[in-house]
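Working notes, beginning with the structure itself.
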Amino acid sequence: MLALAGRTGKELLRDPVTLVFGVGLPLFLLILMSVIQNNVSVEIFAIGQLAPGMAAFSLSFVSMFAAILLAKDKSTSFLLRVFASPALPREYILGYALPMLPIGAAQCAVCFLTAFCFGLAPSWNILLAMLVLLPTAALYIAFGLLFGVLLTDKQAAPVNSILVNVAALLGGTWFDLTLIGGTFEKICNLLPFVHATESARAALAGNYAAILPHLAWVFGWAALLFVAAVLLFKKKMREN
């Protein structure tokens with residue numbers, strides 16, 4: 002597992018363009034919306050709400066890294082060689098997942114550091130928010146690995162692009178879902194995206210009691226997706 006994790010980390014570093022895009026786009030949106038906020042009299046994008054929301058959204062790009070890498074490995078003989086080892090399916094999945102966590106942490110750190118420039122006050126709660134966002138990183142890694150198992154390398158990127166857009170729209174990244182309400186809000190609350198956003202916002206605001214109810218949804222979805230990825234990976238091993 003550790004050998005696969007080390008190799009996965011090296012492969013990620015060999016594709017700096019994807020990494021820069023994954024960090025750069027959320028950062029660009031954060032800066033753009035903060036500039037808009039500074040030039041209007043009405044509070045639309047409060048930095049205390051926008052920064053944790055954008056940090057949570059940035060993690061959706063980790064799913065793309067995971068999916069593309071696993072799908073590419075599937076299309077080559079690499080996985081066939083890996084399958085010859087005595088490792089269990091869950092160990093293979095963890096070998097792909099573990100190197101993604103530092104990338105997710107770096108994305109969150111960049112978002113919060115940039116938010117300082119637009120009025121976010123330094124606080125210990127920022128560290129708590131980053132800690133709370135780790136399960137969200139695991140959630141998106143699980144999405145990516147599941148897509149990587151199911152899809153080809155040509156299909157992985159477009160499907161993950163859809164996931165990124167869904168995460169932005171249904172996660173309440175830059176607008177309050179209660180403004181729409183109704184069935185739309187109910188559907189959003191059944192999915193993990195808004196809970197990922199709200200858990201980070203609660204942590205940053207020091208609303209500690211509100212963190213765990215949202216994290217429970219994130220943990221539940223992440224566990225379900227990881228189990229599905231492991232089972233499908235196991236099936237793939239048997240087929241080969």
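Counting in the numbering used here, the sequence shown runs from 2 upward without gaps. We put the beta carbon where it would ideally sit given N, CA and C, even for glycine.
Fill in: Segment contact, 8 Å Cβ cut-off, at least three pairs: the segment 108-121 with the segment 170-189
no
Fill in: Whole-angstrom distance between Lys-236 and Leu-114, CA atom to CA atom
43 Å
Item to complete: Would you kindly work out how many angstroms separate the C-alpha atoms of Gly-149 and Leu-60, rounded to a whole number?
Response: 17 Å
Worksheet item: Using the beta-carbon count (16 or more within 10 Å), is Trp-125 buried or exposed?
Response: By the neighbour-count definition (other C-beta atoms within 10 Å, threshold 16), Trp-125 is an exposed residue.
Item to complete: Go ahead and pull the three-state DSSP assignment for Ala-122.
Response: DSSP, read as helix, strand or coil, puts Ala-122 in coil.
Worksheet item: Span of the alpha helix (DSSP H) holding Ile-104?
Response: 101-117
Practice prompt. Could you check the C-alpha separation between Thr-242 and Leu-70 for me, to the nearest Å?
Written response: As displayed, the chain neither begins before 2 nor continues past 241, which places residue 242 out of reach and without an answer.
Fill in: Own chain residues within Cβ distance below 8 Å of Glu-199, not counting five before or after
Here the set comprises Gly-173, Ala-211 and His-215.
Worksheet entry | Cutoff 7 Å; reference Phe-176; Cβ partners in own chain excluding five residues on either side | none
Practice prompt. Verify whether the separation of the beta carbon atoms of Leu-20 and Phe-58 is less than 9 Å.
Written response: no
Discussion item. Residues in the same chain with beta-carbon distance under 8 Å from Ala-107, minus the five sequence neighbours each way, listed in chain order, please.
Written reply: Val-24
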